[in-house]
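Chain order of the listed sequences is A and B.
Taking this note's numbering, the leading residue of the first sequence gets 355, the next gets one more, and so forth.
Taking this note's numbering, the leading residue of the second sequence gets 355, the next gets one more, and so forth.
We treat Cβ as the ideally placed atom computed from N, Cα and C, and that holds for glycine.
Report on the following structure.
Protein chains: 2
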Amino acid sequence: MSEIKMIAPAVPNVPWQDKPEKPIAGAPIWRYTENPIINRNPIEGVARIFNSAVVPYEDGFVGVFRGEQTNGISFIYFGRSKDGINWEFEKDKIRFKDEQGNDFMPKYAYDPRLVKIDDTYYAIWCQDFYGASIGMAKTTDFKTWTRMECPFIPFNRNAVLFPRKINGMYKMLSRPSDSGHTPFGDIFISESPDLEYWGHHRHVMGRNGMWWESLKIGGGAAPIETSEGWLIFYHGVSGTCNGYVYSIGGAILDLEEPSKVLYRCENFLLTPEEWYEERGFVPNVCFPCATVHDPESGKIALYYGCADSYVSVAFCYFDEIVQYIKDHSDTDWNDTDLGKC
Amino acid sequence: MSEIKMIAPAVPNVPWQDKPEKPIAGAPIWRYTENPIINRNPIEGVARIFNSAVVPYEDGFVGVFRGEQTNGISFIYFGRSKDGINWEFEKDKIRFKDEQGNDFMPKYAYDPRLVKIDDTYYAIWCQDFYGASIGMAKTTDFKTWTRMECPFIPFNRNAVLFPRKINGMYKMLSRPSDSGHTPFGDIFISESPDLEYWGHHRHVMGRNGMWWESLKIGGGAAPIETSEGWLIFYHGVSGTCNGYVYSIGGAILDLEEPSKVLYRCENFLLTPEEWYEERGFVPNVCFPCATVHDPESGKIALYYGCADSYVSVAFCYFDEIVQYIKDHSDTDWNDTDLGKC
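Now the structure itself:
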């Protein structure tokens, strides 16, 4: 076994397919051969599901799914799966309630993440708040969801909660944005004593000179705690003459001060190559949103949205991907410093 | 005396010049005949002072001033005045310290506001934080200034603190922005139990159909508490073929829920007309940043930046301006609702 340890609950049934026998040219991560796992028109009235997040739950998995309705408006849908590959969805969008139990729906909601902290599951998404901003809700049973205060003023996207408090504080990554297609963007981190009031904002890492993440970057899957630091899968965007290209990157953040980047892989881990990544409503998008991971076996299943049209999964061994990120790390002061204003 | 009451400490020496005898065509507010009160090259190495804020202090006045150095970089300077009209500046920019007393300067800082809450004075400005964002510091003696945490993630400008807590919470107006010249922008409000962590963000009011505030709006002077609600002087911007035009607007916010606008004047209160407003580094700018006001006499002296080159002052009677705002009020649901996400 590797010297590097993953610190997380055991998930012996992590979705998995063995590494292909033919050598991998780039990062040690490989796509599921049956991708995409969620195809078009998955629910009545929903044209596409993509950019969605899953967690282990009871003896299987549950998830929050960006479902784009046939009127073009996205909401969050709930799904269950025995194996993390084959999903069944509830027909109606998730009905968020306020603290008093009254319906409290955002106008639209997209790109959800889902994180368990202690005994509560938190969904974090992007929604309208007089512009793109972060919305949140919590549940303990996946039956009742309570809307929480929006953590930040607009404009913001791609918020990701850490799976535990650090030095007594909840921590959240996010990406200040504009309300359009945002041709810029760095990852920031904020902290909160109570998930209600937020502060101590710090810059984590910026877009950089590597073509595949030179336009903007944004948080992806919830950080995985390891003995080396917080392992993150994020997205990096290149602006081409024919539009944006979204690739998946990897980095490792300091355990105690996660605004400091310890390692940042100069190579993308995954970039659009397959038909379901290159073709769709928004071509050329690999958009990571969640992992299912097991410390015993070292297996990671990475869920990512494809071309704003599908959900796919890729696999890697935790120690191999950490080693690859370390071996190909290139950071600058924007990454490694505290990022204080 | 008017039925409308101003709730504020007495300032018997509020700077003042009587209303001119010839009728005023628009809002009942008139410019000081000796404007601008701060001219070019006011300090060695400082080309222009503008967009600055003052408060009564001891037997006179003090202020924080946006000084644009001859290298083009703005910092905050400190000044004192016996009469609020004639100012003496410290030669060096304000040296902000961290909690440990070490130098902690922003890269640049501009458009400061200054608000007293209880026995502490808070300066709030715009600065670099990987983009335009809000910076803060506090002092009790105007000798030592302690930098505080930046309240918000970028991008943001025009933050204004309320002069007291409301229902136990500090309240701050701000204007989510981009990092450029920001061709959009509405006023939001946020609250904090401790000035360190912020949340419960609400939309206050948006740019609207009136030409003079159709591009963006932003907080100006600190709100003045009145029996009718919080009186605010803000700026509204029109986008013309030859650039932005900044006028001064007025509104009254609900005392307990200041995200609700009670009255919003459809007419500007002041718009660039004089040479010092029309000519300068940025022509056509009237940019309100502070008031000095006295509940006994009802006098208000409004300080505003002119053309990013000068500071001027205008005067009004409190009850007349409130009545004018009420008589010419036009609000829509974006203004009058709670503004929750």
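Within its chain, find whatever has a CB closer than 7 Å to the CB of residue i; leave out the 5 residues flanking it on each side and keep chain order.
i, result
"B:G438", "P369, V408, F415, V646 and A655"
"B:T621", "The amino acid occupying residue 621 of chain B in the given sequence is Asn; Thr does not appear at that position. Contacts found: G380, A381 and H682."
"B:Q371", "Y386, T387 and F669"
"B:P410", "V365 and V646"
"A:L692", "R556, E611, S613 and K614"
"A:I488", "I478, C480, C504, P505, F506, N510, A513 and S528"
With a threshold of 9 Å between beta-carbons, can residue i be considered close to chain B, or not?
i, result
"A:R511", "no"
"A:Y551", "yes"
"A:S528", "yes"
"A:S546", "yes"
"A:F419", "no"
"A:D437", "no"
"A:P700", "What is shown of chain A runs 355 to 695, which leaves residue 700 of chain A out entirely."
"A:M355", "Only weak support is given to the placement of A:M355: the predicted model assigns it a pLDDT of 49, under 50, and the value that follows is read from those uncertain coordinates. Chain B contact via Cβ: absent."
"A:F538", "yes"
"A:P325", "Only positions 355 to 695 of chain A appear in this structure, which leaves residue 325 of chain A out of reach."
"A:E442", "no"
"A:H557", "yes"
"A:H554", "yes"
"A:E503", "yes"
"A:G560", "yes"
"A:K390", "It should be noted that the sequence gives Pro, not Lys, for residue 390 of chain A. Judged by the 9 Å Cβ criterion, A:P390 is not in contact with chain B."
"A:I358", "no"
Less than 9 Å separating the beta-carbons of residue i and residue j?
i, j, result
"B:Y476", "B:A486", "no"
"B:S613", "B:R529", "no"
"B:F419", "B:G433", "yes"
"B:D684", "B:M502", "no"
"B:E579", "B:I361", "yes"
"A:L624", "A:S601", "yes"
"A:V667", "A:Y678", "no"
"A:G417", "A:A644", "yes"
The ligand ADP and residue i: does the residue's C-beta get closer than 8 Å to at least one heavy atom of that ligand?
i, result
"A:G590", "Looking at this structure, you won't find the ligand ADP or any other ligand, since it has none at all."
For a cutoff of 9 Å on Cβ pairs, would you count residue i as touching chain A?
i, result
"B:F542", "yes"
"B:F506", "yes"
"B:D686", "no"
"B:G573", "no"
"B:D532", "yes"
"B:G310", "The question about residue 310 of chain B has no answer here: the residues shown for chain B are numbered 355 through 695."
"B:E582", "no"
"B:G590", "no"
"B:G604", "no"
"B:T690", "no"
Whose C-beta lies closer than 6 Å to the C-beta of residue i among residues of the same chain, with five residues either side of it excluded?
i, result
"A:V514", "R467, L527, G573 and A576"
"B:F516", "K525 and P577"
"B:K570", "F538, G539, R561 and V591"
"B:V599", "S592 and N638"
"A:E700", "Residue coverage of chain A in this structure runs from 355 to 695, which leaves residue 700 of chain A outside it and unanswerable."
"A:E610", "none"
"A:T424", "G399 and A401"
"A:K653", "V368 and W370"
So residue i and residue j are in contact, right, with Cβ under 8 Å, and what is the actual spacing, rounded?
i, j, result
"B:I541", "B:M523", "Not really, about 18 Å apart at Cβ, beyond 8 Å."
"A:Y464", "A:N405", "7 Å"
"A:D689", "A:V615", "4 Å"
"A:Y630", "A:P396", "A:Y630 to A:P396, Cβ: 14 Å. No contact."
"A:D673", "A:I358", "5 Å"
"B:Y431", "B:E444", "6 Å"
Within the same chain, show all residues whose beta-carbon is closer than 8 Å to that of residue i, passing over the 5 residues directly before and after it, in chain order.
i, result
"B:T494", "D473, T474 and Y475"
"A:D482", "P460, K461 and Y462"
"A:F458", "F450, K451, D452 and R501"
"A:Q454", "none"
Count the other CB atoms within 10 Å of the CB of residue i; is the residue buried (16 or more) or exposed (fewer)?
i, result
"B:S428", "buried"
"A:R449", "exposed"
"B:A364", "exposed"
"B:I606", "buried"
"B:N456", "exposed"
"A:P374", "exposed"
"A:P377", "exposed"
"B:T594", "exposed"
"B:E582", "buried"
"B:D686", "exposed"
"A:E545", "buried"
"B:T536", "buried"
**Asked** Using a beta-carbon distance cut-off of less than 8 Å, what residues from the stretch 470 to 499 of chain B approach chain E?
**Response** You won't find chain E in this structure, because its protein chains are A and B.
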